[in-house]
Amino acid sequence: MSKLWGGRFAKNTDVMVEEFTSSISFDSRMYRQDIAGSIAHAKMLASCGIISQEDATLIIDGLQGILADIEAGNFSFEVSLEDIHMNIEKRLTERIGAAGGRLHTARSRNDQVALDTHMYVREQVGEVAKLLFDLEQAVLDTASKYPDVIMPGYTHLQRAQPILFSHHMLAYFFMFERDFRRLGGVWESADIMPLGAGALAGTTFPIDREQVARELNFGRIYENSLDAVSDRDYILEFLAFASILMMHLSRLSEEIILWSSTEFSFIELDDAHCTGSSIMPQKKNPDVAELVRGKTGRVFGHLMAMLTVAKGLPLAYNKDLQEDKEGLFDTIDTVKFSLTVYAAMLRGTKVNAGAMRQALKTDFSNATDMADYLVKKGLPFRQAHEVVGKCVAYCLNEHKTLTDLTLTEFKEFSPLFAADILEAISVETCVAARNSLGGTSPTQVGQTIDIAKSVMEKQ
Ligand code: ARG
45 MSKLWGGRFA KNTDVMVEEF TSSISFDSRM YRQDIAGSIA HAKMLASCGI
95 ISQEDATLII DGLQGILADI EAGNFSFEVS LEDIHMNIEK RLTERIGAAG
145 GRLHTARSRN DQVALDTHMY VREQVGEVAK LLFDLEQAVL DTASKYPDVI
195 MPGYTHLQRA QPILFSHHML AYFFMFERDF RRLGGVWESA DIMPLGAGAL
245 AGTTFPIDRE QVARELNFGR IYENSLDAVS DRDYILEFLA FASILMMHLS
295 RLSEEIILWS STEFSFIELD DAHCTGSSIM PQKKNPDVAE LVRGKTGRVF
345 GHLMAMLTVA KGLPLAYNKD LQEDKEGLFD TIDTVKFSLT VYAAMLRGTK
395 VNAGAMRQAL KTDFSNATDM ADYLVKKGLP FRQAHEVVGK CVAYCLNEHK
445 TLTDLTLTEF KEFSPLFAAD ILEAISVETC VAARNSLGGT SPTQVGQTID
495 IAKSVMEKQ
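Residue numbers for the sequence shown, in my numbering: 45 to 503.
Below, the structure is given as structure tokens:
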């Protein structure tokens, strides 16, 4: 296939080089953006008197015909035409003749690819936002569904203090809510219109960038043509957003994997969301959570790769920048698929309140409450901590828990203990007493659920 840029070349491109430099195998997914961008460009060229209205009409009809062909599967993308931009332009000229050759007036592939990618990211941010919203809803529903379930809360993966299961889930809700906000920031960064930068320095034609921006619904225009063709911040921001989101999903996955183990048995995943073993008949594996945890590494890798690609580049466009797309596209696909399966998995998960309660019966997660009890009777906290520490050591020796101790035993550790101690360190009291703002008491968690619901209603 003859090249759109063939004029100065005496030789054909080496086939291997064509294959190496081509991006059509992955950038063809931006065909809608490329066509919409070209239509806006053609309209602007005509209204600024740079091309005739007849040529613009031919170009627009031709591009719409190409769009229909691509969507009907009647378009063959050629590696020798390098990328989506030249595949479409070449076909346009085949369809409409000389007028097709006027489309690229006052434009370069450098500002064209930037325009397409901005539009693509903007569109995908919208789709990811819907899926993230649905995940937030699934997390909030899970939190609301089990208002009374108490579980051990952990630090260092050691039982720490009793908490409401809803409280634990709500922590994830707010992480995902911050991700949602960050995604809004990515949209802002993608919503800047680069076309009109030309190859790097602007153009000699009297173009109207504002018109193109209006036509394509862009909120802003790049102020500097060099920046317009070199900026990949919006891609980096998407990758950073995705990395943080995947990190959150990966943390939740780790807990889901632990909780669904026989050792914990805190939750039961739906059969439909697990897989079996080809050798061990008893196995039911939490593959979804494990794969999301695994795919997190791959998304981090794409962020690191893009940062590295960009770090040494002189202005303006360099071919290195073509490396921006595969990682971006793979991240978009990975995040969308992960969010979709994750929300479904959460909705199918059952909480085993009995196992959580059983865990609390055998631990010392009420020890802080016992110390607080002594503090409320006048003992300085440090001394109370020491007293309870001794009680715990005693219990460990005797194979008892704190609630197994008799009042006589309690009193040996401190005369401040009275008959109300057992009530003061019951699991329900421990949870209800943590009524500080944002704490785990049913009152606080109820209010937090209301806050979360109103956050969702505003979106
Ligand atoms: N396929 C290229 C990319 O993805 C388009 C821009 C190429 N421009 C150039 N002068 N080689 O970045």
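Note that CB positions come from ideal geometry on N, CA and C, so glycine has one too.
Looking only at C-alpha atoms, which of the options sits nearest to residue i?
i    : options                : result
F262 : S305, I95, R276, A84   : A84
M195 : A468, T473, A397, I465 : A397
I94  : F249, A234, G228       : F249
K420 : L404, G371, A462       : A462
M400 : D448, A158, V230, T306 : T306
V183 : L270, L390, F119       : L390
T340 : K55, E298, Q366, S304  : E298
I140 : D448, Y164, E98, L283  : E98
R276 : E171, V157, R342       : V157
F310 : L481, H317, I301       : I301
G392 : M290, T450, F177, A316 : A316
T57  : I103, L125, F119       : L125
D105 : L147, T378, M130       : L147
F373 : G246, N362, R342       : R342
D314 : A245, K455, S304       : S304
Q402 : A142, G371, R203       : R203
D223 : F285, L244, P191       : F285
I376 : K455, E180, S287, L201 : S287
Whole angstroms is fine: what's the gap from residue i's alpha carbon to residue j's?
i    : j    : result
Q503 : V385 : 22 Å
P358 : M350 : 15 Å
V395 : P459 : 41 Å
D407 : R76  : 59 Å
R135 : K47  : 12 Å
R295 : R337 : 8 Å
F121 : S69  : 8 Å
D271 : F217 : 37 Å
A100 : A86  : 6 Å
M213 : T492 : 11 Å
F220 : V123 : 40 Å
K55  : L347 : 38 Å
H292 : F308 : 21 Å
L383 : E281 : 19 Å
G81  : A388 : 36 Å
Please list, in chain order, all residues of the same chain as residue i whose beta carbon is under 6 Å from its beta carbon, the five residues on each side excluded.
i    : result
D252 : M88, C92
T319 : N329, D331
I236 : R264, Y266
A476 : S485
V471 : I194, P206, L404
V256 : A84, M88, L239
A415 : A428, H429, V432
M74  : I128, D160, Y164
F425 : V419
S67  : D127, Q366
V353 : D364, E367
A241 : D155, S269, A272, V273
Spatial neighbours of residue i within its chain, please: CB distance less than 7 Å, with the 5 preceding and 5 following residues excluded, ordered by chain position.
i    : result
I79  : L107, I110, L111, I132
D71  : D127, I128, K369
T487 : N479
A411 : V432, V436, L446
W231 : R166, V169
Y278 : H162, V165, V230, S233, A234
T137 : G144, G145
K380 : E171, V172, L175
L227 : V169, V172, A173, L176, F285
What are the boundary residues of the beta strand (DSSP E) that includes residue i?
i    : result
A204 : 202-208
P330 : Unbroken run through P330: none, as it is neither H nor E.
G197 : 194-199
Excluding the five sequence neighbours on either side, which residues of its own chain have a C-beta within less than 8 Å of the C-beta of residue i, listed in chain order?
i    : result
S96  : A90
C439 : F408, T445, L446, D448, L449
Note the first and the last residue of the continuous alpha helix (DSSP H) segment covering residue i.
i    : result
Y164 : 153-189
W303 : 277-303
Q108 : 97-115
Q491 : 486-502
H85  : 75-91
Whether or not the stretch 414-433 and the stretch 192-210 are in contact is what I'm after, with contact meaning three or more pairs of Cβ atoms, one per stretch, closer than 8 Å; do they touch? no
Count the CB pairs spanning the stretch 54-65 and the stretch 152-159 that are closer than 8 Å, and state whether there are at least three. no
Give a yes or no on contact between the stretch 180-192 and the stretch 488-502, applying the rule of three or more CB pairs nearer than 8 Å. yes
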